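To start, the structure itself, in C-alpha cells.
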Amino acid sequence: MSYKSLYVRLLFLALLIFGGSMLLHYIQTGDVYIGHLIVSVLACVLLIFRRTTSSHEQA
8 MSYKSLYVRL LFLALLIFGG SMLLHYIQTG DVYIGHLIVS VLACVLLIFR RTTSSHEQA
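Residues 8 to 66 (this note's numbering) are what the sequence shown spells out, left to right.
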C-alpha cells in the first residue's frame, strides 16, 4: 500500500466522520450548515477521484 492511497483513505474517513457529525447536528437542531453541502461535494469528488485512480492502477 502506497502512502498516497493511505492518505486518501484517512482523508475519506475524516470526511465521513465530519459528515456524520453534521448529519447528527441537523437531526438535533434542524439547521443545515453550508459546511454540510461542502462536505457532500468533497465526498463525491473524492469518490470519483478514487475510482479513476484505481482504474489507472489496474490498467
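Glycine residues also receive a C-beta, built at the ideal position from the N, C-alpha and C atoms. Remember, it's a predicted structure, so these values are computed and weren't measured experimentally.
Inspect the beta-carbon positions of ARG58 and VAL15 and report whether they are closer than 8 Å. no
Measure the alpha-carbon distance for ALA50 versus LEU23 and round it to whole angstroms. If you draw a straight line from the Cα of ALA50 to the Cα of LEU23, it comes to about 8 Å.
With H, G and I counted as helix, E and B as strand and the rest as coil, what does DSSP make of SER47? When DSSP states are grouped into helix, strand and coil, SER47 belongs to the helix group.
How about MET29: is its Cβ closer than 7 Å to a heavy atom in the ligand SAH? As far as ligands go, the structure on display features none, and thus does not contain the ligand SAH.
In or out: VAL52 buried (at least 16 other Cβ within 10 Å) or exposed? With fewer than 16 other Cβ atoms within 10 Å, it is exposed.
In three-state DSSP terms, what is GLY26? helix
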